[in-house]
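Participant: All the letters of the sequence shown, read from the start, carry residue numbers 6 to 300 under this note's numbering.
In this text, a Cβ means the ideal position worked out from N, Cα and C, and glycines have one as well.
Handing you a structure now.
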Amino acid sequence: MKFKMVEELALEQQDVAWCCKVLRVSRSGYYEWRNRPLSERKIENQKLSEKINKIWQESRETYGLPRIMDQLKKADTECGKNRVARIMKENKIQGVGRRKFKVTTTDSNHNLPIADRVFKTETAAEQVTKPNQFWGGDITYIATEEGWLFLAIFLDLFTRKIVGHSMQDHMRTDLVLNALDMGLRRQLMTKQDELVAHSDRGCQFAADAYRDRLKACGVTASMSRRGNCYDNAFVESFFRTLKVELVYRRKFKTREEAKSAIFEFIEVWYNRQRTHSSLDYKTPVEYEALTIKSA
């Protein structure tokens, strides 16, 4: 609509009279249009727009239409999907882009023992039925101006919760052991829990120290097929989320700066605030609590 275009140009400090002349509309007609009272529908749309923008801002500008719709539903706000999509488009609100993510695997070129593939992605729905049954572990790299920061995690395959994590300037086995120990302490794991820890064939996960720690804690080791990152897809999915929603949007001067940001992302945002589509739009901590309560 031409009057709307004049209004937008006026907000950009363009002369109203000149804009009206170029667009061939009367200046008096424009002012009459601008000063008329808002319709009930427009007032509702304004309120809805404010709610949508608030949800988006609180999601760190990452949520797209599905998650925003879910948050509106949880807030008892009834509205159609097309209406929300239109308002989002008008306000330039969109989910964070799913940039291409390069999956990297740890070094499996070694002669260390390889564990059987106990966990299988293709039968995950049948295998993974409760928390602390299967964990997935892996390592990824984060660039800083000081050099690489290495992050090791263990993720519960049922709740998607990051149960353990460790960050160092090296990829030695201690990096993985620290993440494992954190998870075992946090989840109060015992030998009777029959936990399976799945990973790729990286030398850190095949090392004597790691295998000995698993054995001492009653944990069964499981390893992916050689060079097959899809056997550890749940963990790779988290790394993709971390990179797209945090790492690719920032530049870290130091490793400590990156550590602080990643710790906050995992513990505050990912585990406790970010809803997960495969968890019926609940957070990992929320889903874990509901599962334990209903057991």
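What residues match up with W153 in a beta bridge as DSSP calls it?
Facilitator: Residue pairing of W153 in beta bridges, as defined by DSSP: A148.
Participant: Taking only the alpha-carbon atoms, compute the straight-line gap between E12 and Y275 and give it to the nearest angstrom.
Facilitator: 41 Å
Participant: Measuring only the C-alpha atoms, how far is K97 from R218?
Facilitator: Counting only the Cα atoms, R218 lies some 50 Å from K97.
Participant: Around the Cβ of F4, are there at least 16 other Cβ atoms within 10 angstroms (buried) or fewer (exposed)?
Facilitator: Residue 4 cannot be examined here, being either before or after the span of the chain that is shown, 6 to 300.
Participant: Along the chain, where does the beta strand (DSSP E) containing I167 start, and where does it finish?
Facilitator: 167 to 173
Participant: Since L260 contacts D174 with CB under 8 Å, what's their CB separation in whole angstroms?
Facilitator: Here residue 260 is Arg; the residue named in the question, Leu, does not match the sequence. Contact flag correct, Cβ pair sits at about 6 Å.
Participant: Is it buried or exposed for V108, if we count other Cβ within 10 angstroms and need 16 for buried?
Facilitator: Note that V108 scores a pLDDT of 48, beneath 50, so its modelled location is shaky; the value from the coordinates is reported in the next line. Counting Cβ neighbours within 10 Å, V108 comes out exposed, since fewer than 16 surround it.
Participant: Can you tell me which of the three DSSP states T67 falls into?
Facilitator: coil
Participant: Can you give the Cα-Cα distance for E346 and Y235, rounded to whole angstroms?
Facilitator: This structure does not reach residue 346, given that the chain is present from 6 up to 300, and the question cannot be answered.
Participant: Can you give me the Cβ contacts of G69 inside the same chain, cut-off strictly under 7 Å, excluding the 5 residues immediately before and after it?
Facilitator: Q99, G100
Participant: How many whole angstroms separate the CB atoms of I158 and A184, which I take to be in contact at a CB cut-off of 8 Å?
Facilitator: For I158 against A184, the beta-carbon gap comes to about 6 Å, under 8 Å, which counts as contact.
Participant: Under 7 Å, do M172 and L189 count as touching if we go by C-beta distance?
Facilitator: no
Participant: Note down, in chain order, each residue of its chain lying with its Cβ closer than 7 Å to the Cβ of R230, except the 5 sequence neighbours on either side.
Facilitator: R122, D236
Participant: For R29, is the classification buried or exposed, using 16 other Cβ atoms within 10 angstroms of its Cβ as the cut-off for buried?
Facilitator: exposed
Participant: Excluding the 5 residues preceding and the 5 following E150 in the sequence, name in chain order all residues of the same chain whose CB lies nearer than 8 Å to its CB.
Facilitator: K256, F257, K258, T259
Participant: Leaving out the 5 sequence neighbours to the left and right, which residues in its chain are closer than 6 Å to K9 when beta-carbon positions are compared?
Facilitator: none
Participant: By DSSP's criteria, I158 is part of a beta bridge. Which residues make up the other side?
Facilitator: D143, H170
Participant: Quick one: what's got a C-beta closer than 7 Å to T126's C-beta in the same chain, skipping five residues either side?
Facilitator: Y235, D236, A238
Participant: What's the gap between the Cα of A80 and the Cα of I57?
Facilitator: 11 Å
Participant: Less than 7 Å separating the beta-carbons of K166 and P42?
Facilitator: no
Participant: Skipping 5 residues on each side, what residues in its chain have a beta carbon closer than 8 Å to that of T134?
Facilitator: F163
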